[in-house]
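Protein chains in written order, with our numbering: chain A, 32 to 380; chain B, 32 to 380; chain C, 32 to 380; chain D, 32 to 380.
We put the beta carbon where it would ideally sit given N, CA and C, even for glycine.
Since we're looking at a predicted model, the values are computed, not measured.
Please read the structure below before turning to the comments.
Protein chains: 4
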Amino acid sequence: MVNVGVLGATGMVGQRFIQLLENHPDFEVTALAASSRSAGKRYEDATTWYMNNEMPESVKDIEVIETTPEAMDNDVDIVFSSLPADFALTVEKAYAKDYVVASNASAHRMKKNIPLVIPEVNPECLDMIDAQQKENDWDGFIVTNPNCSTIALALTLKPIVDNFNVNSVRVSTMQAVSGAGYNGVPSMAIIDNLVPYIGGEEEKMESESLYLLGKFDGSDVINADFKLSASCHRVPVIDGHTEAVFIELDDKFDIDDVADKMANFKGLPQELNLFSAPENPVIVKNENDRPQPRMDRNAGNGMAVTVGRLREDQAFDNSFKYVLVGHNTVRGAAGASILNAELINDKIL
Amino acid sequence: MVNVGVLGATGMVGQRFIQLLENHPDFEVTALAASSRSAGKRYEDATTWYMNNEMPESVKDIEVIETTPEAMDNDVDIVFSSLPADFALTVEKAYAKDYVVASNASAHRMKKNIPLVIPEVNPECLDMIDAQQKENDWDGFIVTNPNCSTIALALTLKPIVDNFNVNSVRVSTMQAVSGAGYNGVPSMAIIDNLVPYIGGEEEKMESESLYLLGKFDGSDVINADFKLSASCHRVPVIDGHTEAVFIELDDKFDIDDVADKMANFKGLPQELNLFSAPENPVIVKNENDRPQPRMDRNAGNGMAVTVGRLREDQAFDNSFKYVLVGHNTVRGAAGASILNAELINDKIL
Amino acid sequence: MVNVGVLGATGMVGQRFIQLLENHPDFEVTALAASSRSAGKRYEDATTWYMNNEMPESVKDIEVIETTPEAMDNDVDIVFSSLPADFALTVEKAYAKDYVVASNASAHRMKKNIPLVIPEVNPECLDMIDAQQKENDWDGFIVTNPNCSTIALALTLKPIVDNFNVNSVRVSTMQAVSGAGYNGVPSMAIIDNLVPYIGGEEEKMESESLYLLGKFDGSDVINADFKLSASCHRVPVIDGHTEAVFIELDDKFDIDDVADKMANFKGLPQELNLFSAPENPVIVKNENDRPQPRMDRNAGNGMAVTVGRLREDQAFDNSFKYVLVGHNTVRGAAGASILNAELINDKIL
Amino acid sequence: MVNVGVLGATGMVGQRFIQLLENHPDFEVTALAASSRSAGKRYEDATTWYMNNEMPESVKDIEVIETTPEAMDNDVDIVFSSLPADFALTVEKAYAKDYVVASNASAHRMKKNIPLVIPEVNPECLDMIDAQQKENDWDGFIVTNPNCSTIALALTLKPIVDNFNVNSVRVSTMQAVSGAGYNGVPSMAIIDNLVPYIGGEEEKMESESLYLLGKFDGSDVINADFKLSASCHRVPVIDGHTEAVFIELDDKFDIDDVADKMANFKGLPQELNLFSAPENPVIVKNENDRPQPRMDRNAGNGMAVTVGRLREDQAFDNSFKYVLVGHNTVRGAAGASILNAELINDKIL
């Protein structure tokens, strides 16, 4: 068993880490770090538990520690970070001296030598790690995962980009409130309403997606060369981001072929049979009213993205449209970091 | 005062007609038609009232009649139709022999000689009426208004099409449940959820918009020649459709110029000062989290469309994006028919 | 393995039966009956699946049969009924000639010799079965479970009634929309709203609770002699009924003693270790903002009722208040019938 | 015209004051006080406007001042306070030296010589003002209104208490999220959920109601002598508190008589024809599924309380039940203070 820690352990994504790591065959949660307000308390006493199932017994008595590497026992190998971006900026580097940091924070995404990875999409970027360790003289390293809405989109784009020449992508999102944290979206803002703006989200989707679907030349990532534009919106849904995608290819295509390539897409996690890897990263549904967040967010234990309404776009040449749903705090956050760590544990540690 | 009737008077759009016509300076509701189950009853007794304010006193005692021209008094001039499409197909023609039929039904939209009109967008199509009357030997005629999501989109596209060369439009909608009628969307389908499909909606948006923004050559409409693709979705909002719009122009543009043209757009109803015409058909907001359905649907008494998040699209040349909110059962249904009738009353009757 | 059938198999409670019976150690679903519209089709083809997890593979290919005993194979022993009350009235009797009918329908509740049972509350009522079989000359029999809101209430009242002298109970409910069936509550009725009326619900709660907590004298049930009044309301929650309970005792009491009696309450299903029996039928929470439907409805796999806010009622002598949450379609419907069948299978078959 | 100020002007109740005071025939808003962060800015620039209709033109350019009497112009006569309770405790007294303070804050409710008033219920308590002024040597004074859920309840109890001998009242509430302020209830807490706890609410309802329905002996209030118990819960509704009420009388009664007394109840504001007074403070509906918050909260411009489901309670002697809906931020907050000020303006100033 690999001992792991969670940074930001009392927050909503921190709790999701703990929930997903319960009964993990390779990882055991032994360290929980949070703000100094929580440090020193039993985890159960420090935490208002937001998950729908009960807090795992195994973490209740763990004493919460401060979010500093010095507070961490040496027998921890991997720390999962769900820290706020500004705090992560300095803290994750401090941990990286000695620990593997699998981070869901945006602080270090797309920085030189710090891999931004979805294991099914661009696992080769883990090769950056050597350079990162050398450059910083670290024993550990940082690996990051993308933004929640990006992950779901990129997973569905990967089999398309691999098999067709993509000219352009436009995506309009309908995102769940959990993406903003427990207190992020007031009920006054979202009951009988929606909010057509999520700060920084469109920029993240546009830049991260092209990086993930680009090429790693052994030293740098060369972004994919298609165009991608996003419009991001918050809707009254607890979990599960929905995205309406418009795709234009360079060439003629067969829509059944697209469906086929998506449905049969497998990546390295499936090949390696990683614990959190869904059997199919992309599930294609034929019912015309799917995917729906409440019905489909838990597909593949929340690690699969469900695609539906895949159809030719009659208005444009060589174009098609689809809708996807992905679980934003599982595949789009904690589960993403865990799958990264599983890949690292299998290939590197 | 012009006496008017409402067909489908007990339904949700029928009730919206009655609500909007209360205190109308030119129109007085004197006839209410509904199914034979309701016929013969007082309107108040026949109706489960769904509107948020009280049923107008003036209609409570009106005896509901059957939906047939024979049941209608001769002193009625205009009938508003919120009939289901299949029923409207035959019934509206029967009424058109003697009455002006201002229809919100889709049955006769875009048919030869039957105008599909938004008064601010293509009032010239009312010139079809002569041919319609001659062709059918009718004293009355049928005029239709577009689908709810189309109206809001077309109103915002009009000042763009008039001032710029539009190459393509993609629109992703987040539509209110009232658009499906009172019983249309079960709560089980939409709480903590959304439904990424609305039957026929995308086809209507795509075809009606190009018609409305096309050219009437005196006999036929030549569709606008840009490309338009829609993806339509239902969200947990009572009233107010939200639409995320991606626009590609043929040429360079200035984004402030687009905002300016939208904000200052006026049409014939504004010029004629029609009773239901909003001062500005399109309101442009600068706050980055607007428009929101609960906050903006009632702008201009529900007859204005609110645009926000107007921004350049960095991913594409000559492109910009925006979000709009329009009230789907006011400007998008009953209010649309009433404004058509006001224009007809002013120009033709 | 006992072969079981489900009547009303394509409906929402029918689907819940199938979901809960997947992987059941003693029961295997081999017969699925529905309306003649569905009969003859594969279950997967006949059904719009509403559950959040996938349809079990084992039922997809079962051919749906008509809802008549003649269509049923003889090797079925138990049929679960989620039929509408009016249809259940005649059909369940026809099945009872040959089959054990565990019914969630209200048709035969509290009828002479037909047990209305919650296994933790009044298992002794199963002794009515002999008389029922003799009276009707049936090989099978009917056993019913109470209304969803009654079950949750009665489970929490049982340890109180057993240990204290209850004078009166008043209960105000906040019930989930799933209780009305998939199409039962339009979204227009419940978004930013609630409906303070559920037809027949108050009468069921008031009469069924007194029966369940009464005494079976070997031939008839003598109702409990305290007073019980209910006010029932529908709120925008998918699953999980919440009930605010006001209790007046005849005597002084200690509030910790009440909590203790509830938390340690066990019934026959716990003693017999029945498969669907929760470890504790009533869970008592101390956090002041619990129970909440989304957080607590799945306690004990949906078979436990969670109580919180247990507090003395300062306004009245010998009085206390609490709030409960129970899963209305698991413990309150399909799970209730299954637990009844498990008890019957253990004690009678 | 009387010049009035609003304390806490940028908050949600502050905005409701401004909205309700637009076009008021007697009051003109000339001073807006808020935190030092807002002071010095134009009101429009200092405020994120949460109301559904537009910010009144008349307040946009008012310069926000600090919340201290020194910052206020002398020509203001009445200040409306929507300050947080702890801040109100000291600040309102400072204003009371020179101004009439009509407060929605809970800080001074039920204190000696400070009237807690609903104009239809206990206007005689305004007679405390003389003693208050003398005791403190103030030129102004403080008058308070009750908690939102109390006001709606007390208005419906008043005609009952006046006409029948009430023995006990139990009330279970389903309260709107706006009652907690814009950021008070996270969407994560309330979508597909409810929260069965509102801090301090039950205590306020129980104590304030007995005060309001008690007797003022010229010096002190002697509480009403019936028993009243509350259980308070938050549901996913924007505006409009719903309350299920169980009432036990000492004597036999006729349910139609109760309905009649409620429906015909009028108080001093109706007699004086105060501007914000609804024609009927209590509206009684016969439809069995009313009142509903979205449909009934705006009755009487949000100043009337709607009662429905008035029915005998079969379980108890001399008992009945009903459900009420009242607008929590109009009649239950800003509108309550304004009506108090109108009464004061009519009778005292």
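From which residue to which residue does the alpha helix (DSSP H) around residue i run?
| i | result |
| --- | --- |
| threonine 187 of chain D | 179–194 |
| serine 48 of chain D | The amino acid occupying residue 48 of chain D in the given sequence is phenylalanine; serine does not appear at that position. First-last of the alpha helix (DSSP H) with phenylalanine 48 of chain D: 43–52. |
| glycine 366 of chain D | 366–378 |
| lysine 352 of chain C | Here lysine 352 of chain C belongs to no alpha helix (DSSP H); instead the beta strand (DSSP E) covers 350–357. |
| asparagine 167 of chain C | 159–167 |
| glutamate 75 of chain C | 74–77 |
| valine 90 of chain B | 88–91 |
Roughly how many whole angstroms lie between the Cα atoms of residue i and residue j?
| i | j | result |
| --- | --- | --- |
| asparagine 153 of chain B | phenylalanine 247 of chain B | 8 Å |
| aspartate 151 of chain A | aspartate 76 of chain A | Here residue 151 of chain A turns out to be glutamate, not aspartate, going by the sequence shown. Going from the Cα of glutamate 151 of chain A to the Cα of aspartate 76 of chain A covers about 38 Å. |
| isoleucine 96 of chain A | leucine 114 of chain A | 14 Å |
| leucine 341 of chain A | isoleucine 286 of chain A | 8 Å |
| tyrosine 74 of chain D | tyrosine 81 of chain B | 37 Å |
| alanine 136 of chain D | lysine 235 of chain D | 12 Å |
| isoleucine 93 of chain D | glutamine 46 of chain B | 41 Å |
| alanine 294 of chain B | valine 315 of chain B | 6 Å |
| asparagine 176 of chain D | alanine 261 of chain D | 19 Å |
| methionine 103 of chain A | valine 110 of chain A | 10 Å |
| proline 309 of chain D | alanine 290 of chain D | 18 Å |
| aspartate 251 of chain A | cysteine 156 of chain A | 9 Å |
| aspartate 57 of chain D | leucine 374 of chain D | 12 Å |
| aspartate 193 of chain A | threonine 79 of chain A | 44 Å |
| valine 356 of chain C | leucine 147 of chain C | 22 Å |
Check this for me: beta carbons of residue i and residue j, under 8 Å apart or not?
| i | j | result |
| --- | --- | --- |
| glutamate 123 of chain A | isoleucine 173 of chain A | yes |
| aspartate 320 of chain C | valine 226 of chain D | yes |
| phenylalanine 296 of chain D | valine 276 of chain D | no |
| isoleucine 49 of chain A | proline 100 of chain A | no |
| alanine 64 of chain B | alanine 40 of chain B | yes |
| alanine 21 of chain C | histidine 264 of chain C | Past the boundaries of the shown model lies residue 21 of chain C; chain C is included only from 32 to 380, so the question cannot be answered. |
| glutamate 279 of chain C | phenylalanine 195 of chain C | no |
| valine 37 of chain D | asparagine 376 of chain D | no |
| valine 361 of chain A | glycine 339 of chain A | no |
| aspartate 281 of chain D | asparagine 349 of chain D | yes |
| glycine 366 of chain D | leucine 51 of chain D | yes |
| glycine 212 of chain D | methionine 43 of chain D | yes |
| isoleucine 229 of chain B | proline 267 of chain B | no |
Taking DSSP as the reference, what is the three-state secondary structure of residue i?
| i | result |
| --- | --- |
| valine 148 of chain A | coil |
| lysine 124 of chain B | helix |
| arginine 107 of chain D | According to the sequence shown, residue 107 of chain D is valine rather than arginine. Residue state, collapsed to three classes: coil. |
| glycine 331 of chain B | helix |
| valine 37 of chain A | strand |
| arginine 362 of chain B | helix |
Provide the residue span of the beta strand (DSSP E) that contains residue i, from first to last.
| i | result |
| --- | --- |
| leucine 114 of chain A | Unbroken run through leucine 114 of chain A: none, as it is neither H nor E. |
| asparagine 135 of chain C | No beta strand (DSSP E) contains asparagine 135 of chain C, which DSSP labels as neither H nor E. |
| alanine 65 of chain B | 58–65 |
| threonine 99 of chain C | No beta strand (DSSP E) holds threonine 99 of chain C; DSSP gives it neither H nor E. |
Length at least 4, wholly inside the segment 203–282 of chain A: the alpha helix (DSSP H) runs in chain order
232–243
What residue ranges within the segment 281–326 of chain A form continuous alpha helix (DSSP H) runs of no fewer than 4 residues, ordered along the chain?
As far as the segment 281–326 of chain A is concerned, its whole alpha helix (DSSP H) runs of at least 4 residues are 286–294 and 299–303.
If contact means a Cβ-Cβ distance below 7 Å, which residues of the segment 315–339 of chain A contact chain G?
Here the protein chains are A, B, C and D, and chain G is not one of them.
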